[in-house]
Amino acid sequence: MPELPEVHTTVEGLKKVVIGKTITDVWSDFHVKTAHGERSNIKNKKYFADFKKNVIGAKIKSVERLGKHVVINLSNHSTSSWQAKNSIIVHMKMTGHLMYGASDPFVHLIFKLKGAGDLALSDMRKFASVCITETKKVKNHPGILELGPDPLKITFEEFRARIKSASWRRPIKTALMDQSVIAGIGNIYSDEILWVSAVHPLSRAGEIPDKILGVMFANTKKILKKSIRHGGDSMSDYRNAFGEKGGFQNFHKAYRKTGQKCLKSKCRGIIKRLIVKGRSAHFCPAHQIKF
DNA sequence: ACTAGCCCCTGGGAGC
DNA sequence: TGCTCCCAGGGGCTAG
């Protein structure tokens with residue numbers, strides 16, 4: 008599922024091929040029921056009609072990542088210059104991925120680009136959300152306004168303060184996955200970070216010693232960067248901007264390894280699974296310490 | 001201030 | 001082979 012490394016990989020790929028391209032048409036069959044609070048996206052027919060109007064004729068100026076969101080900044084032609092105006096905000100949720108010049112049976116949104124390939128959104132389970140807003144309002148957009156800082160840019164002091172201030176008693180896995188604490192970590196990376204750091208997912212965030220938090224901080228950056236180097240994680244449906252799989256699924260130590268022997272050297276544990284805040288947590292009860 | 005539980009969705013795996 | 005049932009989960013929401 009697209010978390011920080013996957014969204015990063017997608018954005019870096021898109022940067023190479025879509026910047027400067029003009030959108031000539033948009034197609035979508037993404038008109039399904041929308042969950043509560045998700046009505047303001049292209050799954051709503053009326054919203055899509057407005058979206059289409061705003062997007063056709065615009066030029067892609069830049070692509071960036073904010074947490075797990077892909078932000079595509081557009082510019083519109085004015086008499087004097089190309090000016091940024093609107094931004095498309097995509098959250099790929101579970102099975103979504105943006106692809107350039109590639110397709111698969113689950114494409115539900117296509118941007119036709121002038122003199123170039125199509126930019127398509129594939130999403131088997133249709134959880135993705137696509138919105139448009141004025142570029143200057145992106146930072147205040149629901150879902151982005153609440154985002155905490157980026158774990159790749161944060162300092163240890165900030166990391167420590169945010170993890171501890173979230174809630175004294177809340178499970179560390181919950182804090183790591185809370186996008187308002189730190190933006191970009193989901194189920195795969197929280198499991199992997201905690202396994203490597205030897206911290207039990209149910210440890211109370213406020214009780215983890217600073218020394219251990221320091222280890223977690225270093226491992227967070229290390230693991231996210233390692234996944235980026237391998238093009239993200241394709242255990243599920245993730246594909247990069249060119250429809251290719253990433254490789255980080257080959258390095259999992261805990262995620263979806265329930266019942267398997269712990270891979271830590273000399274550890275004799277068996278990976279267990281439990282539910283934390285409605286998500287499955289995979290961990291080794293033998294070496295991951297509960298604080 | 002928090003959590004449990006439900007909702008959106010559908011391919012894939014297990015069991016028969 | 002093909003049916004049914006269950007599972008995967010990000011995040012928004014409500015109820016407790």
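Heads up: the first sequence is residues 8 to 298, going by the working numbering.
For every residue, glycine included, the Cβ atom is placed at its ideal position computed from N, Cα and C.
| query | result |
| --- | --- |
| Looking at the secondary structure, which residues open and close the alpha helix (DSSP H) in which Ala56 lies? | 52-62 |
| Assign Pro156 to one of three DSSP states: helix, strand, or coil. | coil |
| In the DSSP assignment, what residue or residues form a beta bridge with Glu71? | Val78 |
| Report, in whole angstroms, the separation of the C-beta atoms of Ala56 and Ile30, which I expect to be a contact under 8 Å. | Actually they do not touch by this definition, with Cβ atoms about 15 Å apart. |
| Are Thr16 and Gly253 closer than 8 Å when you measure CB to CB? | yes |
| In angstroms with no decimal places, state the Cα-to-Cα distance between Gly20 and His38. | 27 Å |
| Helix, strand or coil: which one does DSSP assign to Asp21? | Per the sequence shown, residue 21 should be read as Leu rather than Asp. Note: Leu21 maps to helix in three-state DSSP. |
| When you compare the CB positions of Pro216 and Leu11, do they come within less than 8 Å of one another, or not? | no |
| In terms of DSSP beta bridges, what is Asp130 paired with? | Gly103 |
| Could you tell me which residues DSSP puts in a beta bridge with Ile139? | Ile95 |
| Taking 7 Å as the cut-off, does the CB of Val206 come closer than this to any heavy atom belonging to the ligand PLP? | You won't find the ligand PLP in this model; it holds no ligand whatsoever. |
| Check the C-beta distance from Gly155 over to Arg169 and give it rounded, since I have them as a contact under 8 Å. | 6 Å |
| Assuming contact is defined by CB atoms lying nearer than 8 Å, are Phe134 and Met106 in contact in what I supplied? | no |
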